[in-house]
Every structure is written in structure tokens, then in C-alpha cells.
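K.L.:
See below:
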């Protein structure tokens, strides 16, 4: 039944190449998180705004980001925009797609966190002579980030795994892209993808471990 | 001097304040008593501009609180307020809670702000707690920290909004002692309170609020001894 002979040596020989790909994977994930968090804060404020003109686009973003497959979002950034004459490279399209998805999910995470902080905190800040922006920055935001921290790190893990979808828009330099190329060259499918899976696993484990350490160090209260 | 002139305030259809007139002189301690929903607490949040008013005006040292041109952030530096819920900032240590506003609002250096904070915290009996987070403090300690936090801005006026109402009975005394200390030091204070003994012992004048109206005001001996107003007498007999 099984006449497949494993050839791990070939896979191990390609390890440096794959690890280099993993660096791009991390790069895209980190960038998509940084930009995603920035946009998510704006979206969260927009969704809580009393102005319909701010609320509507923010809500639309969140709805689409959370209720359509991430693969479609990346496709849209690459092939969809291409229909309108806007051509994004695979790297940029993948980054844009994941950032779009991150922003949508993180917006709701932040909004939930904001809701968990009593209004009286803001009031206390204002009564000490702080303007609304200063009170938000010094009192509300740090508390919001603590509540949102672990869910945000979950999204980071999700972002790392989502980068693998880049291969569908021709992304060739990230971990999945590199693995796919090796596979096409050698047909050692199982070995290469198993190696890639282990690398993904180790990366996400490391991220979770690091975030626990950071949380423990940062949130002493 | 705080001058409150004919202040009206509604929340939707509910009229909370129906024409309040009250003048509080420098160094004076005025206690405000009355049933819940009588508008006492609302008045305090109007004085520092946290709530807008519908009619009338409030002057603090001649500055109209609700005038469009008034810089409320600047005005609030001289009006400290302490709330029923202590509103400690949970992400900051006790010391950081107290130094935050002096540093970030007044632009004071860290060292100077910490010196002031430590002095205020020692004053309220929390000198040994400066490094801990508020979650480690009892309610009474959190409330005293909130008082120190307001005092660190060296305000000219202090507003206390039922500061002992959320405390366990055995913790009320320590907070009231802090307030007494402050009153003895000559601080101008308006205290909304349910502590009748405190109102009687510490206040220069006691105001009784009833359904949005200041029904009676006078020295404690008058209010607690020979109240002229029927509603005052009724209220006092119900709380004693």
C-alpha cells in the first residue's frame, strides 16, 4: 500500500531557504498587525461615533472583513483591484489583504475592551483638568490595551497563518511560497510541507510564549 | 468664591435642579444633605463643568463655568472633586495615580510631582502604600488616595460627592477624618453627604436639598436643632 520512501535529507538541506521564507512570513505578519492596529483604533472610534458618516464606513469595513473569507480579501487586493487598473504586487496585495482582515477583527476587540472600561474613568481624568484626548491617551488607552492584549496576540497568530494564502496570488518568497517552489522542483510534497508546518507551529508557539512574557512584565496590576 | 445663581438643570424630561442659589466663601465648609434624587450630586458636577446647565450661571472666582470662552481644563485645576466611586486608575501605582495630573496637566517635573504626592499621601495616611496598585487597597484607602490625587493639584476648592457612601461602615471613619483634617486646614469645601454627624461637626453651613430645590440653609445648629422647613425636619427625623 505504501511504497513512498521518505527523503528527509533533501528537506533538511532546504531548511535555510525555508527559514529565509519564514522571515518574510514574519515581516508581513508584523507589518499587517502594526498597520492593522492603527486602523482598528480609528475604526473603533468611528463605530462608537454619533456621526453616521463615520459610523457607516467603519461598520462596512468590519462587516466585510469578518464575514468573508480571508482568501477572497487577498484575491480582491490582487486580482480584484487589477480589474480597475490598480496592480498590487503579490507582496503588497497579501499585506493589504491581511491588514484589512486584521483591522476588522481588532476593531471589535478594541471596541469590546473600550466598553469594559467604566465612563467614570474618563470623568475622573477630565475632572483633574485633562482634555478629552489626553484623558483617553493616559487613562483609557492603557487599560484598553491590557484587556485587548491577548486577543490581539491571537490575531497575530492568525495573521502569521494567513500569510500562507499569499501563494494563491503568486507570493513566492514567504514560507509557503518557498515550500511550494521546492515541492514543484522535487515532488517531495510530504516532507517539505511537513517541515513548513513544523516551522509555522514553532513560530506561533514562540509568539504566544513571548506575548505571555510581555503581558506578565507589562501588566503588573 | 463659588457663586451659584438660579441654576436649572434637566436630564431629558426630569428636572433635577430647579433654581439653585448658593454662595460659598473662601475657607467655608458647606455640607449638602437631602434624599436621593434631590439634585445634590448633580450640582457638584455642574460646578466643575462636567455637566452643562440649562439656565442660570455658576461663577468660580468670577469666572463663569459654562461660558463658551472658559477654559474648563484650566478651571478644573483649581476645583478638586472626589466621587462616590473612587475612580482609582487601576493601571497606575498609588504614587503614579497622584503624580499623573501634576505632571501631565501642570507639566511638573517627576521629582517635584513625587515630592508633592508623597506629602499628600502621607497626609491621608497612605505613606507606606505608594508603590502598590489600587487593587491592593481597601475601599477606604482607595478613597483616601483619590483625595490625595485631587489635592496634589493644589486646588482652591474641593467638592466631595458622597465619598463615604460606597464604603463598608468600618471604613467610613478614616475617610471622614481625612476630610476633617482638610477642613481644619482651611480648605473651601462643598460636601454632599449622608453623614449627619460629620455635617453637624465640620460644616459652617448645612444646605438641605429637596426635589431640586434648596429648601433650607443655615448653620448646623439651626438645621439640626430648629429647622424651619417642614421637609427638612421630616428628612432629619427619617435619617436619625
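Residue numbers (full-length UniProt numbering), protein chains in the order written: chain A, 1 to 221; chain B, 1 to 240. Note that the Cβ used here is the ideal one computed from N, Cα and C, for glycine as well. Remember, it's a predicted structure, so these values are computed and weren't measured experimentally.
Are residue 164(B) and residue 172(B) close, meaning C-beta to C-beta below 7 Å?
P.N.:
Yes, they are a contact pair.
K.L.:
Comparing the C-beta of residue 42(A) with each C-beta of chain B, is any distance below 7 Å?
P.N.:
no
K.L.:
Name the DSSP bridge partner or partners of residue 64(A)?
P.N.:
Looking at the DSSP assignment, residue 64(A) forms no beta bridge with any residue, so it has no partner.
K.L.:
What is the rounded straight-line gap between the Cα of residue 90(B) and the Cα of residue 81(A)?
P.N.:
Spanning the two alpha carbons is a distance of roughly 46 Å.
K.L.:
Specify, as a first and last residue, the run of the beta strand (DSSP E) that residue 123(B) falls within.
P.N.:
No beta strand (DSSP E) holds residue 123(B); the alpha helix (DSSP H) holding it covers 110 to 123.
K.L.:
Leaving out the 5 sequence neighbours to the left and right, which residues in its chain are closer than 7 Å to residue 84(B) when beta-carbon positions are compared?
P.N.:
161, 162, 163, 165 and 166
K.L.:
For a cutoff of 7 Å on Cβ pairs, would you count residue 112(A) as touching chain B?
P.N.:
no
K.L.:
Report yes or no: is there a C-beta of chain A within less than 7 Å of the C-beta of residue 105(B)?
P.N.:
Put simply, the CB of residue 105(B) is near chain A, with a gap under 7 Å to one of its CB atoms.
K.L.:
Going straight from the alpha carbon of residue 66(B) to that of residue 45(B), what length do you get?
P.N.:
12 Å
K.L.:
Contact check, residue 14(B) vs residue 8(B) under 8 Å by CB: the rounded distance?
P.N.:
Not quite, the Cβ-Cβ distance comes to about 12 Å (not below 8 Å), so this is no contact.
K.L.:
Specify whether the stretch 90 to 103 of chain A and the stretch 157 to 170 of chain A touch according to this definition: at least 3 beta carbon pairs, one from each stretch, less than 8 Å apart.
P.N.:
Short answer: they touch.
K.L.:
For residue 105(B) versus residue 141(A), is the C-beta spacing smaller than 7 Å?
P.N.:
no
K.L.:
Is residue 88(B) helix, strand or coil when you go by DSSP?
P.N.:
Residue state, collapsed to three classes: coil.
K.L.:
Buried or exposed for residue 143(A), please, with buried defined as at least 16 other CB atoms from any protein chain shown within 10 angstroms of its CB.
P.N.:
If you draw a 10 Å sphere on the C-beta of residue 143(A), you find 16 or more other C-beta atoms in it, and that means buried.
K.L.:
Against chain A, does residue 89(B) count as a neighbour if the rule is that its beta carbon must be under 7 Å from one of theirs?
P.N.:
yes
K.L.:
Taking a cut of 8 Å between CB atoms, which residues from the stretch 33 to 60 of chain B lie near chain A?
P.N.:
48 and 50
K.L.:
Using a Cβ-Cβ distance cut-off of 7 Å, determine whether residue 157(B) contacts chain A.
P.N.:
no
K.L.:
Rounded to the nearest angstrom, what separates residue 193(A) and residue 181(A) at their Cα positions?
P.N.:
11 Å
K.L.:
Which stretch, first to last residue, makes up the alpha helix (DSSP H) that contains residue 181(B)?
P.N.:
169 to 184
K.L.:
Could you spell out the range, first to last residue, of the beta strand (DSSP E) harbouring residue 23(B)?
P.N.:
14 to 24
K.L.:
So residue 6(B) is in the beta strand (DSSP E); what residue range does that whole segment cover?
P.N.:
2 to 11
K.L.:
Are the beta-carbon atoms belonging to residue 70(A) and residue 171(A) less than 7 Å from one another?
P.N.:
no
K.L.:
Taking 7 Å as the threshold (C-beta atoms), are residue 47(A) and residue 58(A) in contact?
P.N.:
yes
K.L.:
Looking only at C-alpha atoms, which of 134(B), 149(B), 59(B) and 60(B) sits nearest to residue 119(B)?
P.N.:
149(B)
K.L.:
For residue 109(B), which residues in the same chain have their Cβ closer than 8 Å to its Cβ, ignoring the five residues on either side in sequence?
P.N.:
103
K.L.:
Between the Cα of residue 214(B) and the Cα atoms of 80(B), 29(B), 78(B) and 33(B), which residue gives the shortest distance?
P.N.:
Here the closest residue by C-alpha is 33(B).
K.L.:
Is it buried or exposed, residue 209(B), if we count other Cβ atoms within 10 angstroms and call 16 or more buried?
P.N.:
buried
K.L.:
Whose CA, out of 57(B), 117(B) and 31(B), lies closest to the CA of residue 4(B)?
P.N.:
57(B)
K.L.:
Nearest to residue 124(B) by alpha carbon, out of 101(B), 95(B), 107(B) and 199(B)?
P.N.:
95(B)
K.L.:
Sort 170(B), 230(B), 157(B) and 226(B) by Cα distance to residue 30(B) and report the nearest one.
P.N.:
157(B)
K.L.:
Suppose the cutoff is 7 Å on Cβ atoms and the five residues either side in sequence are ignored; what does the same chain contact list for residue 61(B) look like?
P.N.:
1
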